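Asks: Going by this note's numbering, the final residue of the sequence shown carries number 212, and the count climbs one at a time with no gaps. Sharing a structure, written as structure tokens. Questions coming.
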Amino acid sequence: PSGARRTMAQTRSLTSVMDDQRMNRLLDWEGTAANKADVYTLATMLDDVRKGVWEELAAPTPTIDVYRRELQNDYLTTVGRKLNPPPAVPAAGGGGGGGGFGGAPPTPLSEDAKANLRAQLNTLTDDIQKAIPKTTDRSTMVHLQGSMHRIKEILDPKG
């Protein structure tokens, strides 16, 4: 597929996997499972996603192409929005509340899930710091330095 279509498909997949309701359900299943060893945990899912999106960091000489850099930027944007959501926009139409067509609003992302996302960013920071000295490709180096900056802003938005 073309670059734009590939990027859109990657973004849709990432958004779907990291859906708030999906992450909350994984925590619920982990909490209610009789045998915890049989459960695919949120931490494991987030580890798998991070390792897949950032797999180049483990290479002897990391080189990240433009499409993978875009996916990695989308990953940081997605995590950033989950940890620092934009202010809620008031519902249009005013009125006295009362359900409307959509029923109850979706459950927000749990604090436990947010803690797991912060842990992912801390692990990713360590992985990027280890990869930067091994990187010889300028575009990859600039991308990784920019990613470090973005992670710092996500983890400390007021700082």
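Where is the CB? At the ideal position from N, CA and C, for every residue including glycine. Owing to the predicted nature of the structure, the values given are computational and were not obtained by experimental measurement.
Does the distance from the C-beta atom of residue 73 to that of residue 162 stay below 8 Å?
Replies: Yes, Cβ-Cβ distance for residue 73 and residue 162 is below 8 Å.
Asks: Which one of 174, 87, 88 has the shortest CA to CA distance from residue 126?
Replies: Cα-wise, what sits closest to residue 126 is 174.
Asks: Rounding to the nearest angstrom, what Cα-Cα distance links residue 164 and residue 81 in this structure?
Replies: Approximately 13 Å between the Cα atoms of the pair.
Asks: Could you spell out the range, first to last residue, of the alpha helix (DSSP H) harbouring residue 96?
Replies: Run containing residue 96: 95–106, per the alpha helix (DSSP H) assignment.
Asks: Three-state secondary structure (DSSP) at residue 130?
Replies: Helix, per DSSP.
Asks: In this structure, does DSSP put residue 186 in helix, strand or coil?
Replies: In the structure shown, residue 186 sits in a helix (DSSP, three-state: H, G or I).
Asks: Should residue 152 be labelled buried (16 or more other beta-carbon atoms within 10 Å of its own) or exposed?
Replies: Summary for residue 152: the model assigns pLDDT 48, below 50, so the residue's position carries little reliability, and this model does not support an answer.
Asks: Below 8 Å on the Cβ atoms is my guess for residue 107 versus residue 209; work out the distance and round it to an integer in Å.
Replies: Residue 107 to residue 209, Cβ: 21 Å. No contact.
Asks: Whole-angstrom Cβ separation of residue 214 and residue 114, contact assumed at under 8 Å?
Replies: Because residue 214 is not part of the residues shown, which for the chain are 54 to 212, the question remains open.
Asks: Could you tell me the boundaries of the alpha helix (DSSP H) in which residue 89 lies?
Replies: Here residue 89 belongs to no alpha helix (DSSP H), and DSSP marks it neither H nor E.
Asks: Helix, strand or coil for residue 112? Go by DSSP, reduced to three states.
Replies: Correct three-state label for residue 112: coil.
Asks: Tell whether a beta-carbon distance below 8 Å holds between residue 167 and residue 136.
Replies: Going by C-beta atoms, residue 167 is nearer than 8 Å to residue 136.
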